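In numbering that gives the first Met the number 0, the protein residues as written are 0 to 469. Worksheet: one structure, shown below.
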Amino acid sequence: MNLHLALLLAYSAGLVALGLWIGRRVHGAKDFFVAGRGLGAGLIFSTMLAANIGAGSTVGATGLGYKDGLAAWWWVGSAGIGSIALAFWIGPAIRRIAAANDLRTVGDYLELRYSPSIRGIIAILLWAGSLAILAGQLIAIASILNVVAGTPKWAGCMIGGALITIYSSAGGLKSGAWVNMVQLTVKLVGFAIALPLALSAVGGWPAVQAMPAPTGDYWNFWSGGTSGVIYLAMLGPAFVVSPGLLQKLYGAKDDRAVRVGVGANAAGLLLYAIVPVVLGTIARLRFPHLSTPDLALPMILMHGLPAAIGALGLAAVFSAELSAADAVLFMLTTSLSQDLYKRFVAPTSGERQVLLAARVTTIVAGAIGTALAIVSPTVIGVLTIFYTLLGVSLFVPILGGLYVRRAGTAEALAAIAAGVGGMLFVHITTAGKGYGHLTPALIGLAAALVAFAVVLATPRAQPAPAGTRG
(Lines of atoms letter the chains of each structure in order from A and count residues from 1; the text may use other names and numbers.)
(Lines give C-alpha, C1' and ligand atoms only; values in the text may rest on other atoms or scores of the structure.)
Protein backbone atom coordinates (compact mmCIF):
# COMPACT_ATOMS: atom_id res chain seq x y z
CA MET A 1 0.00 0.00 0.00
CA ASN A 2 1.47 3.42 -0.97
CA LEU A 3 1.75 6.39 1.40
CA HIS A 4 -0.97 8.37 -0.35
CA LEU A 5 -3.57 5.60 -0.07
CA ALA A 6 -2.63 4.78 3.54
CA LEU A 7 -3.07 8.41 4.59
CA LEU A 8 -6.44 8.74 2.85
CA LEU A 9 -7.72 5.54 4.49
CA ALA A 10 -6.59 6.64 7.96
CA TYR A 11 -8.02 10.11 7.46
CA SER A 12 -11.36 8.76 6.25
CA ALA A 13 -11.60 6.43 9.25
CA GLY A 14 -10.97 9.40 11.56
CA LEU A 15 -13.72 11.49 9.96
CA VAL A 16 -16.24 8.68 10.22
CA ALA A 17 -15.33 8.08 13.87
CA LEU A 18 -15.73 11.78 14.69
CA GLY A 19 -19.10 11.96 12.92
CA LEU A 20 -20.41 8.89 14.73
CA TRP A 21 -19.18 10.15 18.10
CA ILE A 22 -20.92 13.51 17.67
CA GLY A 23 -23.99 11.73 16.34
CA ARG A 24 -24.42 10.09 19.76
CA ARG A 25 -25.20 13.57 21.12
CA VAL A 26 -28.05 14.15 18.68
CA HIS A 27 -31.24 13.56 20.65
CA GLY A 28 -33.93 14.91 18.38
CA ALA A 29 -34.87 16.34 15.00
CA LYS A 30 -34.02 19.90 16.11
CA ASP A 31 -30.43 18.86 16.88
CA PHE A 32 -30.21 17.02 13.55
CA PHE A 33 -31.64 19.80 11.37
CA VAL A 34 -30.43 23.04 13.00
CA ALA A 35 -27.81 21.96 15.58
CA GLY A 36 -29.93 23.36 18.39
CA ARG A 37 -29.55 26.87 16.86
CA GLY A 38 -26.30 27.28 18.75
CA LEU A 39 -23.61 27.62 16.07
CA GLY A 40 -21.24 30.55 16.59
CA ALA A 41 -19.33 32.53 13.96
CA GLY A 42 -16.38 30.10 13.98
CA LEU A 43 -18.45 27.01 13.23
CA ILE A 44 -20.56 28.92 10.69
CA PHE A 45 -17.37 30.01 8.93
CA SER A 46 -15.81 26.55 8.89
CA THR A 47 -18.92 24.65 7.85
CA MET A 48 -19.73 27.20 5.10
CA LEU A 49 -16.22 27.40 3.65
CA ALA A 50 -15.73 23.64 3.92
CA ALA A 51 -18.96 23.09 2.00
CA ASN A 52 -18.10 25.72 -0.63
CA ILE A 53 -14.61 24.38 -1.32
CA GLY A 54 -15.75 21.09 -2.78
CA ALA A 55 -15.41 19.18 -6.02
CA GLY A 56 -16.22 22.18 -8.19
CA SER A 57 -13.73 24.39 -6.36
CA THR A 58 -10.87 21.89 -6.38
CA VAL A 59 -10.93 19.14 -9.01
CA GLY A 60 -13.42 20.98 -11.24
CA ALA A 61 -11.85 24.47 -10.99
CA THR A 62 -8.34 23.07 -11.49
CA GLY A 63 -9.64 21.32 -14.59
CA LEU A 64 -11.04 24.63 -15.81
CA GLY A 65 -7.69 26.30 -15.15
CA TYR A 66 -6.01 23.50 -17.11
CA LYS A 67 -8.42 23.97 -20.02
CA ASP A 68 -9.38 27.69 -19.98
CA GLY A 69 -6.61 29.50 -18.10
CA LEU A 70 -6.97 32.58 -15.85
CA ALA A 71 -10.69 33.10 -16.52
CA ALA A 72 -11.36 29.98 -14.45
CA TRP A 73 -10.95 32.27 -11.39
CA TRP A 74 -14.58 33.25 -11.82
CA TRP A 75 -15.84 29.77 -10.96
CA VAL A 76 -14.87 30.18 -7.29
CA GLY A 77 -14.76 33.99 -7.35
CA SER A 78 -18.45 34.17 -8.28
CA ALA A 79 -19.28 32.03 -5.25
CA GLY A 80 -17.36 34.50 -3.07
CA ILE A 81 -19.26 37.47 -4.52
CA GLY A 82 -22.59 35.71 -3.94
CA SER A 83 -21.54 34.92 -0.38
CA ILE A 84 -21.06 38.63 0.35
CA ALA A 85 -24.75 39.22 -0.41
CA LEU A 86 -25.65 36.23 1.76
CA ALA A 87 -23.56 37.48 4.69
CA PHE A 88 -24.85 41.04 4.92
CA TRP A 89 -28.21 41.00 3.19
CA ILE A 90 -30.09 37.71 2.89
CA GLY A 91 -28.57 35.57 5.67
CA PRO A 92 -29.41 37.63 8.77
CA ALA A 93 -32.95 38.34 7.54
CA ILE A 94 -33.84 34.73 6.89
CA ARG A 95 -32.14 33.54 10.10
CA ARG A 96 -34.40 35.83 12.17
CA ILE A 97 -37.51 34.49 10.46
CA ALA A 98 -36.32 30.89 10.98
CA ALA A 99 -35.64 31.43 14.68
CA ALA A 100 -38.94 33.25 15.29
CA ASN A 101 -41.02 30.57 13.56
CA ASP A 102 -38.96 27.44 14.39
CA LEU A 103 -38.17 26.82 10.71
CA ARG A 104 -35.83 23.96 9.88
CA THR A 105 -35.62 23.98 6.08
CA VAL A 106 -35.96 26.43 3.22
CA GLY A 107 -39.19 24.60 2.44
CA ASP A 108 -40.54 25.68 5.84
CA TYR A 109 -39.82 29.28 4.89
CA LEU A 110 -41.45 28.96 1.46
CA GLU A 111 -44.63 27.55 3.00
CA LEU A 112 -44.70 30.24 5.69
CA ARG A 113 -44.24 32.97 3.11
CA TYR A 114 -46.27 31.50 0.24
CA SER A 115 -48.08 28.15 0.41
CA PRO A 116 -47.61 24.35 0.71
CA SER A 117 -47.69 24.04 -3.09
CA ILE A 118 -44.59 26.24 -3.46
CA ARG A 119 -42.84 24.16 -0.83
CA GLY A 120 -43.63 20.91 -2.64
CA ILE A 121 -42.63 22.17 -6.09
CA ILE A 122 -39.28 23.51 -4.90
CA ALA A 123 -38.57 20.35 -2.90
CA ILE A 124 -39.01 18.23 -6.03
CA LEU A 125 -36.90 20.56 -8.18
CA LEU A 126 -34.15 20.66 -5.57
CA TRP A 127 -34.07 16.90 -5.34
CA ALA A 128 -33.38 16.65 -9.06
CA GLY A 129 -30.70 19.34 -8.99
CA SER A 130 -29.09 18.29 -5.71
CA LEU A 131 -28.56 14.73 -6.87
CA ALA A 132 -26.47 16.21 -9.69
CA ILE A 133 -24.18 18.13 -7.34
CA LEU A 134 -23.82 15.13 -5.03
CA ALA A 135 -22.78 13.09 -8.07
CA GLY A 136 -20.22 15.77 -8.94
CA GLN A 137 -18.55 15.48 -5.54
CA LEU A 138 -18.41 11.69 -5.79
CA ILE A 139 -16.89 11.85 -9.29
CA ALA A 140 -14.11 14.02 -7.86
CA ILE A 141 -13.50 11.54 -5.03
CA ALA A 142 -13.35 8.74 -7.60
CA SER A 143 -10.80 10.66 -9.69
CA ILE A 144 -8.51 10.97 -6.66
CA LEU A 145 -8.78 7.28 -5.82
CA ASN A 146 -8.15 6.42 -9.48
CA VAL A 147 -4.85 8.33 -9.57
CA VAL A 148 -3.75 7.18 -6.09
CA ALA A 149 -4.67 3.51 -6.26
CA GLY A 150 -5.95 2.78 -9.77
CA THR A 151 -9.46 2.36 -8.38
CA PRO A 152 -12.12 2.11 -11.12
CA LYS A 153 -14.53 5.03 -11.23
CA TRP A 154 -17.53 2.98 -10.12
CA ALA A 155 -15.68 1.68 -7.06
CA GLY A 156 -14.37 5.16 -6.15
CA CYS A 157 -17.89 6.57 -6.31
CA MET A 158 -19.18 3.81 -4.06
CA ILE A 159 -16.41 4.34 -1.50
CA GLY A 160 -17.05 8.10 -1.35
CA GLY A 161 -20.80 7.60 -1.14
CA ALA A 162 -20.45 5.14 1.74
CA LEU A 163 -18.17 7.47 3.73
CA ILE A 164 -20.41 10.52 3.66
CA THR A 165 -23.58 8.48 4.19
CA ILE A 166 -22.26 6.95 7.41
CA TYR A 167 -21.32 10.13 9.25
CA SER A 168 -24.10 12.32 7.77
CA SER A 169 -26.83 9.89 8.78
CA ALA A 170 -25.49 9.84 12.33
CA GLY A 171 -25.68 13.47 13.30
CA GLY A 172 -26.96 15.75 10.54
CA LEU A 173 -25.88 19.39 10.86
CA LYS A 174 -24.28 18.92 14.27
CA SER A 175 -21.95 16.16 13.03
CA GLY A 176 -21.35 17.96 9.75
CA ALA A 177 -20.33 21.25 11.41
CA TRP A 178 -17.64 19.67 13.59
CA VAL A 179 -16.37 17.30 10.90
CA ASN A 180 -16.23 20.27 8.51
CA MET A 181 -13.96 22.16 10.92
CA VAL A 182 -11.42 19.32 10.78
CA GLN A 183 -11.77 19.07 7.00
CA LEU A 184 -11.28 22.80 6.51
CA THR A 185 -8.09 22.80 8.57
CA VAL A 186 -6.65 19.99 6.46
CA LYS A 187 -7.66 21.76 3.25
CA LEU A 188 -6.08 25.10 4.13
CA VAL A 189 -2.83 23.58 5.40
CA GLY A 190 -2.59 21.19 2.47
CA PHE A 191 -3.08 23.81 -0.23
CA ALA A 192 -0.87 26.36 1.54
CA ILE A 193 2.03 23.91 1.40
CA ALA A 194 1.32 22.23 -1.95
CA LEU A 195 0.83 25.33 -4.13
CA PRO A 196 4.24 27.01 -3.69
CA LEU A 197 6.07 23.69 -3.93
CA ALA A 198 4.24 22.69 -7.11
CA LEU A 199 5.00 26.10 -8.62
CA SER A 200 8.65 25.90 -7.62
CA ALA A 201 8.97 22.42 -9.12
CA VAL A 202 8.24 23.75 -12.63
CA GLY A 203 10.51 26.80 -12.36
CA GLY A 204 8.09 29.37 -10.96
CA TRP A 205 5.34 31.46 -12.50
CA PRO A 206 7.55 32.81 -15.37
CA ALA A 207 8.03 29.24 -16.58
CA VAL A 208 4.27 28.65 -16.53
CA GLN A 209 3.58 31.83 -18.50
CA ALA A 210 6.25 30.91 -21.03
CA MET A 211 4.58 27.65 -22.04
CA PRO A 212 2.71 27.53 -25.37
CA ALA A 213 -0.88 28.59 -24.64
CA PRO A 214 -3.46 26.08 -25.88
CA THR A 215 -5.82 28.92 -26.92
CA GLY A 216 -5.47 32.61 -27.72
CA ASP A 217 -7.48 33.71 -24.67
CA TYR A 218 -5.79 31.37 -22.17
CA TRP A 219 -4.28 34.30 -20.20
CA ASN A 220 -7.38 36.53 -20.40
CA PHE A 221 -8.77 37.03 -16.88
CA TRP A 222 -12.27 38.07 -17.99
CA SER A 223 -13.04 35.41 -20.58
CA GLY A 224 -11.27 32.26 -21.73
CA GLY A 225 -12.78 29.16 -23.29
CA THR A 226 -16.11 28.54 -21.59
CA SER A 227 -14.98 30.32 -18.39
CA GLY A 228 -15.14 33.96 -17.36
CA VAL A 229 -17.19 36.67 -15.71
CA ILE A 230 -20.32 35.06 -17.19
CA TYR A 231 -20.16 32.58 -14.29
CA LEU A 232 -21.59 35.35 -12.09
CA ALA A 233 -25.03 34.78 -13.63
CA MET A 234 -24.97 31.06 -12.88
CA LEU A 235 -23.07 30.84 -9.59
CA GLY A 236 -23.69 34.17 -7.85
CA PRO A 237 -27.45 33.68 -7.26
CA ALA A 238 -26.99 30.00 -6.37
CA PHE A 239 -24.66 30.88 -3.48
CA VAL A 240 -27.18 33.40 -2.14
CA VAL A 241 -30.20 31.08 -1.99
CA SER A 242 -28.76 27.55 -1.83
CA PRO A 243 -30.86 25.59 0.69
CA GLY A 244 -27.77 23.69 1.79
CA LEU A 245 -26.16 26.99 2.84
CA LEU A 246 -29.27 28.74 4.15
CA GLN A 247 -30.08 25.77 6.38
CA LYS A 248 -26.64 26.04 7.95
CA LEU A 249 -27.56 29.63 8.87
CA TYR A 250 -30.73 28.38 10.54
CA GLY A 251 -28.35 26.83 13.08
CA ALA A 252 -26.63 30.17 13.85
CA LYS A 253 -27.14 31.54 17.34
CA ASP A 254 -27.54 35.19 16.24
CA ASP A 255 -27.17 37.64 13.35
CA ARG A 256 -23.57 38.45 14.26
CA ALA A 257 -22.62 34.80 13.80
CA VAL A 258 -24.09 34.97 10.29
CA ARG A 259 -22.42 38.22 9.30
CA VAL A 260 -19.00 37.33 10.68
CA GLY A 261 -19.04 33.64 9.74
CA VAL A 262 -20.41 34.01 6.21
CA GLY A 263 -18.43 37.20 5.60
CA ALA A 264 -15.19 35.40 6.51
CA ASN A 265 -16.26 32.56 4.23
CA ALA A 266 -16.71 35.06 1.35
CA ALA A 267 -13.23 36.51 1.94
CA GLY A 268 -11.78 33.00 2.04
CA LEU A 269 -13.39 32.09 -1.28
CA LEU A 270 -12.17 35.25 -3.02
CA LEU A 271 -8.61 34.58 -1.87
CA TYR A 272 -8.71 30.85 -2.56
CA ALA A 273 -10.13 31.32 -6.09
CA ILE A 274 -6.67 31.75 -7.64
CA VAL A 275 -5.29 28.52 -6.12
CA PRO A 276 -6.97 25.97 -8.45
CA VAL A 277 -6.30 28.23 -11.44
CA VAL A 278 -2.54 28.27 -10.77
CA LEU A 279 -2.54 24.52 -10.12
CA GLY A 280 -4.41 23.97 -13.39
CA THR A 281 -1.87 25.97 -15.41
CA ILE A 282 0.97 24.06 -13.71
CA ALA A 283 -0.72 20.81 -14.71
CA ARG A 284 -1.03 22.09 -18.29
CA LEU A 285 2.75 22.60 -18.33
CA ARG A 286 3.58 19.26 -16.68
CA PHE A 287 0.90 17.05 -18.26
CA PRO A 288 -0.32 18.67 -21.51
CA HIS A 289 -2.21 15.63 -22.83
CA LEU A 290 -4.49 14.43 -20.01
CA SER A 291 -7.50 12.39 -21.09
CA THR A 292 -9.82 14.58 -18.97
CA PRO A 293 -9.25 17.92 -17.17
CA ASP A 294 -10.58 16.36 -13.95
CA LEU A 295 -7.28 14.48 -13.61
CA ALA A 296 -5.19 17.69 -13.51
CA LEU A 297 -5.26 18.20 -9.73
CA PRO A 298 -4.77 14.56 -8.67
CA MET A 299 -1.87 14.23 -11.14
CA ILE A 300 -0.11 17.33 -9.76
CA LEU A 301 -0.46 16.11 -6.18
CA MET A 302 0.51 12.54 -6.95
CA HIS A 303 3.35 13.06 -9.42
CA GLY A 304 4.40 16.70 -9.15
CA LEU A 305 5.34 16.90 -5.46
CA PRO A 306 7.38 14.99 -2.88
CA ALA A 307 5.42 11.98 -1.60
CA ALA A 308 4.68 13.37 1.88
CA ILE A 309 3.55 16.77 0.58
CA GLY A 310 1.52 15.20 -2.19
CA ALA A 311 -0.20 12.96 0.34
CA LEU A 312 -1.12 16.00 2.45
CA GLY A 313 -2.43 17.76 -0.63
CA LEU A 314 -4.50 14.77 -1.62
CA ALA A 315 -5.94 14.62 1.89
CA ALA A 316 -6.85 18.31 1.52
CA VAL A 317 -8.66 17.65 -1.76
CA PHE A 318 -10.30 14.54 -0.36
CA SER A 319 -11.51 16.72 2.54
CA ALA A 320 -12.95 19.21 0.08
CA GLU A 321 -14.96 16.60 -1.75
CA LEU A 322 -16.24 14.90 1.40
CA SER A 323 -17.30 18.14 3.10
CA ALA A 324 -19.15 19.45 0.05
CA ALA A 325 -20.76 16.07 -0.52
CA ASP A 326 -22.07 15.84 3.03
CA ALA A 327 -23.51 19.37 2.73
CA VAL A 328 -25.47 18.34 -0.35
CA LEU A 329 -26.54 15.07 1.19
CA PHE A 330 -27.81 17.02 4.21
CA MET A 331 -29.84 19.25 1.87
CA LEU A 332 -31.36 16.22 0.17
CA THR A 333 -32.14 14.64 3.52
CA THR A 334 -33.89 17.67 5.00
CA SER A 335 -35.79 18.35 1.80
CA LEU A 336 -37.36 14.91 1.64
CA SER A 337 -37.82 14.16 5.33
CA GLN A 338 -39.09 17.60 6.42
CA ASP A 339 -40.51 19.20 3.28
CA LEU A 340 -42.18 16.13 1.77
CA TYR A 341 -42.49 13.36 4.38
CA LYS A 342 -43.35 15.49 7.44
CA ARG A 343 -45.48 17.98 5.53
CA PHE A 344 -47.40 15.83 3.05
CA VAL A 345 -47.04 12.12 3.92
CA ALA A 346 -47.11 11.94 7.73
CA PRO A 347 -47.98 15.39 9.13
CA THR A 348 -48.71 13.95 12.61
CA SER A 349 -45.34 12.21 12.92
CA GLY A 350 -43.32 12.96 16.05
CA GLU A 351 -39.68 13.95 16.51
CA ARG A 352 -38.44 10.34 16.58
CA GLN A 353 -40.26 9.45 13.37
CA VAL A 354 -38.93 12.50 11.55
CA LEU A 355 -35.39 11.78 12.77
CA LEU A 356 -35.68 8.16 11.57
CA ALA A 357 -37.04 9.36 8.21
CA ALA A 358 -34.11 11.78 7.90
CA ARG A 359 -31.56 9.04 8.50
CA VAL A 360 -33.26 6.63 6.09
CA THR A 361 -33.44 9.41 3.51
CA THR A 362 -29.71 10.07 3.90
CA ILE A 363 -28.97 6.45 3.03
CA VAL A 364 -31.34 6.41 0.04
CA ALA A 365 -30.09 9.77 -1.31
CA GLY A 366 -26.50 8.64 -0.91
CA ALA A 367 -27.22 5.50 -2.93
CA ILE A 368 -28.99 7.38 -5.74
CA GLY A 369 -26.26 10.03 -5.90
CA THR A 370 -23.63 7.30 -6.12
CA ALA A 371 -25.44 5.63 -9.02
CA LEU A 372 -25.74 8.96 -10.87
CA ALA A 373 -22.01 9.65 -10.32
CA ILE A 374 -21.07 6.31 -11.85
CA VAL A 375 -22.84 7.11 -15.12
CA SER A 376 -22.02 10.86 -15.33
CA PRO A 377 -18.92 12.05 -17.29
CA THR A 378 -17.36 15.11 -15.58
CA VAL A 379 -17.55 17.18 -12.38
CA ILE A 380 -18.28 20.55 -13.99
CA GLY A 381 -20.93 19.08 -16.27
CA VAL A 382 -23.15 17.80 -13.47
CA LEU A 383 -22.50 20.80 -11.18
CA THR A 384 -23.70 23.16 -13.89
CA ILE A 385 -27.09 21.42 -13.81
CA PHE A 386 -27.46 22.06 -10.09
CA TYR A 387 -26.32 25.67 -9.98
CA THR A 388 -28.45 26.68 -12.95
CA LEU A 389 -31.60 25.03 -11.63
CA LEU A 390 -31.02 26.50 -8.17
CA GLY A 391 -30.62 30.05 -9.41
CA VAL A 392 -33.58 30.16 -11.79
CA SER A 393 -36.04 28.47 -9.42
CA LEU A 394 -35.21 29.93 -5.99
CA PHE A 395 -33.47 33.31 -6.32
CA VAL A 396 -36.50 35.44 -7.19
CA PRO A 397 -39.05 33.73 -4.87
CA ILE A 398 -36.76 33.94 -1.82
CA LEU A 399 -35.72 37.55 -2.36
CA GLY A 400 -39.23 38.55 -3.32
CA GLY A 401 -40.59 36.87 -0.21
CA LEU A 402 -38.15 38.74 2.02
CA TYR A 403 -38.50 42.21 0.56
CA VAL A 404 -41.81 42.48 -1.35
CA ARG A 405 -44.66 42.30 1.15
CA ARG A 406 -47.44 42.08 -1.46
CA ALA A 407 -45.91 39.07 -3.20
CA GLY A 408 -47.84 35.84 -2.82
CA THR A 409 -48.21 32.35 -4.22
CA ALA A 410 -49.13 33.52 -7.73
CA GLU A 411 -45.95 35.57 -8.04
CA ALA A 412 -43.78 32.73 -6.76
CA LEU A 413 -45.39 30.17 -9.09
CA ALA A 414 -44.95 32.50 -12.07
CA ALA A 415 -41.28 33.09 -11.24
CA ILE A 416 -40.54 29.38 -10.85
CA ALA A 417 -42.38 28.38 -14.04
CA ALA A 418 -40.85 31.16 -16.14
CA GLY A 419 -37.36 30.69 -14.74
CA VAL A 420 -37.20 26.92 -15.18
CA GLY A 421 -39.14 26.97 -18.45
CA GLY A 422 -37.03 29.74 -19.97
CA MET A 423 -33.79 28.08 -18.93
CA LEU A 424 -34.83 24.70 -20.34
CA PHE A 425 -36.07 26.20 -23.62
CA VAL A 426 -32.80 28.03 -24.25
CA HIS A 427 -30.72 25.06 -23.12
CA ILE A 428 -32.55 22.65 -25.46
CA THR A 429 -32.75 24.94 -28.51
CA THR A 430 -29.10 26.06 -28.32
CA ALA A 431 -27.54 22.82 -27.02
CA GLY A 432 -26.69 24.62 -23.78
CA LYS A 433 -24.74 27.45 -25.46
CA GLY A 434 -27.30 30.25 -25.12
CA TYR A 435 -27.16 33.38 -27.26
CA GLY A 436 -23.69 34.87 -26.96
CA HIS A 437 -23.30 36.10 -23.38
CA LEU A 438 -26.97 35.34 -22.69
CA THR A 439 -26.58 31.90 -21.14
CA PRO A 440 -29.53 29.64 -20.25
CA ALA A 441 -28.99 30.56 -16.58
CA LEU A 442 -29.06 34.31 -17.24
CA ILE A 443 -32.14 34.11 -19.47
CA GLY A 444 -33.94 31.89 -16.95
CA LEU A 445 -33.14 34.33 -14.13
CA ALA A 446 -34.37 37.29 -16.19
CA ALA A 447 -37.56 35.42 -17.13
CA ALA A 448 -38.26 34.63 -13.47
CA LEU A 449 -37.82 38.28 -12.48
CA VAL A 450 -40.07 39.54 -15.30
CA ALA A 451 -42.80 37.01 -14.54
CA PHE A 452 -42.71 37.86 -10.83
CA ALA A 453 -43.00 41.59 -11.60
CA VAL A 454 -45.82 41.14 -14.16
CA VAL A 455 -48.00 39.06 -11.84
CA LEU A 456 -47.27 41.43 -8.95
CA ALA A 457 -48.50 44.35 -11.06
CA THR A 458 -51.84 42.73 -11.93
CA PRO A 459 -54.97 43.34 -9.83
CA ARG A 460 -55.21 39.59 -9.13
CA ALA A 461 -51.99 39.53 -7.05
CA GLN A 462 -52.73 38.33 -3.53
CA PRO A 463 -51.26 40.06 -0.45
CA ALA A 464 -48.75 38.10 1.59
CA PRO A 465 -49.40 37.12 5.20
CA ALA A 466 -48.47 39.88 7.62
CA GLY A 467 -45.34 39.75 9.70
CA THR A 468 -43.14 37.64 7.44
CA ARG A 469 -40.67 40.24 6.33
CA GLY A 470 -37.13 39.87 7.71
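The beta carbon of each residue, even a glycine, is placed where N, CA and C say it ideally should be. These numbers come from a predicted model, not from an experiment.
Given 8 Å, three or more beta-carbon pairs between the segment 241-257 and the segment 86-98: yes
Where the alpha helix (DSSP H) through Phe286 begins and ends: For the purposes of this step, residue 286 is taken as residue 287 along the sequence shown, with counting starting at 1. Careful: Phe286 lies outside any alpha helix (DSSP H) and carries neither H nor E.
Cα-Cα separation between Gly64 and Trp218, rounded to whole angstroms: Taking the sequence shown and counting its residues from 1, the one referred to as residue 64 is at position 65. Taking the sequence shown and counting its residues from 1, the one referred to as residue 218 is at position 219. Those two C-alpha atoms are separated by around 10 Å.
Cβ pair Val276, Trp88 closer than 8 Å: One-based indexing of the sequence shown puts residue 276 at position 277. One-based indexing of the sequence shown puts residue 88 at position 89. Against a cut-off of 8 Å, the Cβ pair of Trp88 and Val276 comes out as no contact.
Cβ neighbours of Tyr386 in the same chain (closer than 7 Å, five flanking residues each side left out): By one-based count along the sequence shown, residue 386 stands at place 387. For Tyr386, where only same-chain residues beyond five positions count, the Cβ hits under 7 Å are Met233, Leu234 and Ala237.
Residues near Met157 by beta carbon distance below 7 Å, same chain, minus five either side: Within the sequence shown, residue 157 is the residue found at index 158, counting from 1. The residues are Thr369.
8 Å Cβ cutoff met for Ala131 and Gly106: By one-based count along the sequence shown, residue 131 stands at place 132. By one-based count along the sequence shown, residue 106 stands at place 107. No. Outside cutoff.
Residues near Ala417 in its chain [Cβ-Cβ closer than 6 Å; skip 5 each side]: By 1-based counting over the sequence shown, the position of residue 417 is 418. Closer than 6 Å at the Cβ level, and outside the excluded window around Ala417, lie Ala446, Ala447 and Ala450.
Inter-residue Cα distance where the pair is Leu109 and Ala99: Within the sequence shown, the letter at position 110 stands for residue 109. Within the sequence shown, the letter at position 100 stands for residue 99. Rounded to the nearest angstrom, the two C-alpha atoms are 15 Å apart.
Inter-residue Cα distance where the pair is Gly39 and Pro439: The sequence position of residue 39 within the sequence shown is 40, counting from 1. The sequence position of residue 439 within the sequence shown is 440, counting from 1. Those two C-alpha atoms are separated by around 38 Å.
Helix, strand or coil at Tyr108 according to DSSP, with G and I counted as helix: Here residue 108 refers to the residue found at position 109 of the sequence shown. Correct three-state label for Tyr108: helix.
Of the listed residues Gly407, Ala161 and Ser82, nearest to Ala263 (C-alpha basis): Counted from its first residue, the sequence shown places residue 263 at position 264. Measuring from the Cα of Ala263, the nearest candidate turns out to be Ser82.
Every unbroken alpha helix (DSSP H) within the segment 61-116, with a cutoff of 4 residues, ordered by chain: 72-84, 90-100 and 105-112
Stretch pair the segment 420-429 + the segment 141-158: three plus CB contacts closer than 8 Å: no
Close beta carbons around Leu43, own chain, < 6 Å, minus the five adjacent residues each side: Locating residue 43 in the sequence shown gives position 44, counting from the first residue. The residue asked about is misnamed: residue 43 is Ile in this sequence, not Leu. So the list reads Ala251, Ala256 and Gly260, once near-sequence residues are dropped.
Three-way DSSP call (helix, strand, coil) for Leu304 in this model: As a first step, residue 304 is located in the sequence shown; it is residue number 305 there, counting from the start. Reduced to three states, the DSSP call for Leu304 is coil.
First and last residue of the uninterrupted alpha helix (DSSP H) at Thr291: Against the sequence shown, residue 291 aligns to sequence position 292. Here Thr291 belongs to no alpha helix (DSSP H), and DSSP marks it neither H nor E.
Where the alpha helix (DSSP H) containing Phe220 begins and where it ends: The sequence position of residue 220 within the sequence shown is 221, counting from 1. It is not in any alpha helix (DSSP H) - Phe220 carries neither H nor E in the DSSP assignment.
Residue nearest to Gly41 in terms of C-alpha spacing, selected from Ile120, Pro151 and Leu248: Sequence index remark: in the sequence shown, residue 41 carries index 42 (1-based). The shortest C-alpha separation from Gly41 is found at Leu248.
Nonlocal neighbours in the same chain, by C-beta distance under 6 Å from Phe394, ignoring five residues either side: Here residue 394 refers to the residue found at position 395 of the sequence shown. Excluding positions up to five away in sequence, the list reads Pro236 and Val240.
Test item: CB-CB of Ile399 and Leu444 under 8 Å: Position 400 of the sequence shown, counting from 1, holds the residue named residue 399. Position 445 of the sequence shown, counting from 1, holds the residue named residue 444. In the sequence as presented, Ile is not what sits at residue 399; that position holds Gly. Cβ distance not < 8 Å, so Gly399 and Leu444 don't count as in contact.
C-alpha gap between Val201 and Leu304, whole angstroms: As a working note, residue 201 is residue 202 in the sequence shown. As a working note, residue 304 is residue 305 in the sequence shown. Their backbone Cα atoms lie some 10 Å apart in a straight line.
Coil, strand or helix - Ser226 by DSSP: Numbered from 1 along the sequence shown, position 227 holds the residue referred to as residue 226. Correct three-state label for Ser226: strand.
Supposed close pair Val75, Tyr271 - CB separation, criterion 8 Å: On the sequence shown, residue 75 is found 76 positions in, with the first residue counted as 1. On the sequence shown, residue 271 is found 272 positions in, with the first residue counted as 1. Right, the Cβ-Cβ distance comes to about 6 Å (below 8 Å), so this counts as a contact.
Helix, strand or coil at Ala209 [DSSP, three-state]: Sequence index remark: in the sequence shown, residue 209 carries index 210 (1-based). Reduced to three states, the DSSP call for Ala209 is coil.
Unbroken stretches of the alpha helix (DSSP H), 4 residues or longer, contained in the segment 368-447: 378-402 and 408-428
Assigned secondary structure, Ala272 (DSSP; H/G/I helix, E/B strand, else coil): As a position in the sequence shown, residue 272 is number 273, starting the count at 1. It is coil, neither helix nor strand.
Under the three-state DSSP convention, the category Ala251 falls into: For the purposes of this step, residue 251 is taken as the residue at position 252 of the sequence shown. Three-state DSSP puts Ala251 in a strand.
Cβ neighbour criterion (16 or more within 10 Å) applied to Lys432: On the sequence shown, position 433 is the one that residue 432 refers to. Classification of Lys432: exposed, given that the 10 Å Cβ count is below 16.
Within 8 Å, strictly: CB atoms of Ser334 and Ala134: Here residue 334 is taken as the residue at index 335 of the sequence shown, counted from 1. Here residue 134 is taken as the residue at index 135 of the sequence shown, counted from 1. No, Cβ-Cβ distance for Ser334 and Ala134 is not below 8 Å.
Other residues of its chain near Tyr230: CB distance less than 6 Å, five sequence neighbours each side excluded: To locate residue 230, count along the sequence shown from 1; it is residue 231. Closer than 6 Å at Cβ, skipping near neighbours: Trp73, Trp74 and Ser77.
Beta-ladder partner(s) of Leu38, from DSSP: The residue labelled residue 38 in the question sits at position 39 within the sequence shown. Leu38 pairs with Ala251.
CA-to-CA distance, Leu289 to Ala295, given in whole angstroms: Counting from 1 along the sequence shown, the entry for residue 295 is found at position 296. Counting from 1 along the sequence shown, the entry for residue 289 is found at position 290. Taking the straight line from one Cα to the other gives about 7 Å.
CA-to-CA distance, Val185 to Ala306, given in whole angstroms: Walking along the sequence shown from the start, residue 306 turns up at place 307. Walking along the sequence shown from the start, residue 185 turns up at place 186. Distance between the alpha carbons of Ala306 and Val185 is about 17 Å.
Secondary structure of Pro346, DSSP reduced to three states: Here residue 346 is taken as the residue at index 347 of the sequence shown, counted from 1. Here Pro346 sits in coil by DSSP.
Buried/exposed call for Pro287, threshold 16 Cβ in 10 Å: Residue 287 sits at position 288 when you count from the first residue of the sequence shown. With fewer than 16 Cβ atoms within 10 Å of its Cβ, Pro287 is classed as exposed.
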